[in-house]
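Here the structure comes first, spelled out in structure tokens, and everything after it is commentary.
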Amino acid sequence: MGGLALEGRSIVFASGKGGTGKTTTVANIGVALAQFGKEVILIDADITMANLSLILGMEDIPITLHDVLAGEAELKDAIYEGPAGVKVIPGGLSLEKVKKARPERLRELIKEISQMGDFILIDAPAGLELTSVTALLIGKELIIVTNPEISAITDSLKTKLVAEKLGTLPLGAILNRVTSEKTELSKEEIEAILEVPVIGIVPEDPEVKRASAYGVPLVIKNPTSPAAIAYKQIAAKLAGIKWTPPEPESPVKRIFKALFGGKR
202 MGGLALEGRS
212 IVFASGKGGT
222 GKTTTVANIG
232 VALAQFGKEV
242 ILIDADITMA
252 NLSLILGMED
262 IPITLHDVLA
272 GEAELKDAIY
282 EGPAGVKVIP
292 GGLSLEKVKK
302 ARPERLRELI
312 KEISQMGDFI
322 LIDAPAGLEL
332 TSVTALLIGK
342 ELIIVTNPEI
352 SAITDSLKTK
362 LVAEKLGTLP
372 LGAILNRVTS
382 EKTELSKEEI
392 EAILEVPVIG
402 IVPEDPEVKR
412 ASAYGVPLVI
422 KNPTSPAAIA
432 YKQIAAKLAG
442 IKWTPPEPES
452 PVKRIFKALF
462 GGKR
């Protein structure tokens with residue numbers, strides 16, 4: 202006997218400015234949720250600077266969200282399986298496709314997409330241009346990805362205020378690329394400015410760049426690295442499950458694996 206399909210949680214990840222590490226955050230939290238057994242769909246809603254597929258190692262994809270938004274392809278043909286079974290609706294890298302895409306069609310598509318998974322994570326463009334506002338509109342919840350510096354926090358506050366006016370509920374903020382230098386704002390200061398809780402702190406970690414260079418999400422490439430553990434903790438919090446970080450490998454074990462190989 203058929204019934205109404207349950208809607209997944211549609212969460213838009215946004216930042217007031219570029220360079221905060223938002224796309225990397227979306228990719229890793231999405232894959233981590235999939236590793237926890239959740240049905241996850243990642244949408245690259247950055248119409249002009251789509252690069253989510255690059256971080257996931259999914260280049261040269263024939264049909265993208267841009268084709269769907271241009272009315273030249275069906276949604277089902279733009280959904281691909283990525284790492285750990287996460288579903289991905291990638292953006293296109295072709296300038297010609299960018300010109301044809303109609304971002305407003307995202308609002309029509311999100312109802313269909315939200316019935317396909319437990320979590321729909323939307324990678325929004327940075328800033329507050331039309332495409333950014335459209336992405337804020339299609340998510341029911343908002344997570345701000347920011348850095349602990351005053352300019353990034355100021356821009357994030359603008360994004361949060363716009364999202365609230367659009368009816369999108371701010372869940373909290375993720376502080377990314379944290380180094381604990383004295384010039385950085387503290388978690389408490391950021392919570393006071395943004396008036397949302399900080400739901401995760403991701404430390405600056407050279408393994409993030411290495412993973413991106415290989416096109417493999419960090420939570421797969423190096424799951425015991427500090428940033429990977431932070432991503433998994435955020436994913437566990439969103440999923441409402443308890444997760445204990447693995448014990449870090451000893452230097453001796455790392456040397457042994459480097460010399461003689463091991464499971465990767």
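465 is the number that the working numbering gives the last residue of the sequence shown; the numbers go up by one with no jumps.
Here a beta-carbon is modelled for each residue, glycine too, at the ideal position from N, C-alpha and C.
With contacts defined by Cβ atoms closer than 8 Å, ILE339 and ILE323 form a contacting pair. Between the stretch 384-395 and the stretch 326-335 there are fewer than three inter-stretch CB-CB distances shorter than 8 Å, so the stretches are not counted as touching.
Assignment of alpha helix (DSSP H) within the stretch 411-449, counting only whole runs of 4 or more residues, yields 419-422 and 427-440 in chain order. With contacts defined by Cβ atoms closer than 8 Å, VAL241 and LYS288 form a contacting pair.
LEU234 and LEU439 do touch by the CB rule: their CB atoms are close to 7 Å apart, below 8 Å. By DSSP's assignment, VAL399 forms a beta bridge with ALA374. Spanning the alpha carbons of ALA279 and SER254 requires a straight line of approximately 12 Å. The DSSP-derived three-state label of LEU343 is strand. Counting along the chain, ALA251 sits inside no beta strand (DSSP E), nor does DSSP assign it H or E at all.
Here ALA327 carries a coil assignment [DSSP, helix/strand/coil]. Between the stretch 389-409 and the stretch 363-377, the count of C-beta pairs closer than 8 Å reaches three or more; the two stretches touch. In this chain, ARG210 is not harboured by any alpha helix (DSSP H); it is covered by the beta strand (DSSP E) spanning 210-215. Within its own chain, the residues whose Cβ lies closer than 7 Å to the Cβ of GLY222, once the five positions on either side in sequence are excluded, are VAL346, ASN377 and ARG378, listed in chain order. The C-beta distance from ILE230 to ILE435 rounds to 6 Å, short enough to meet the 8 Å contact threshold.
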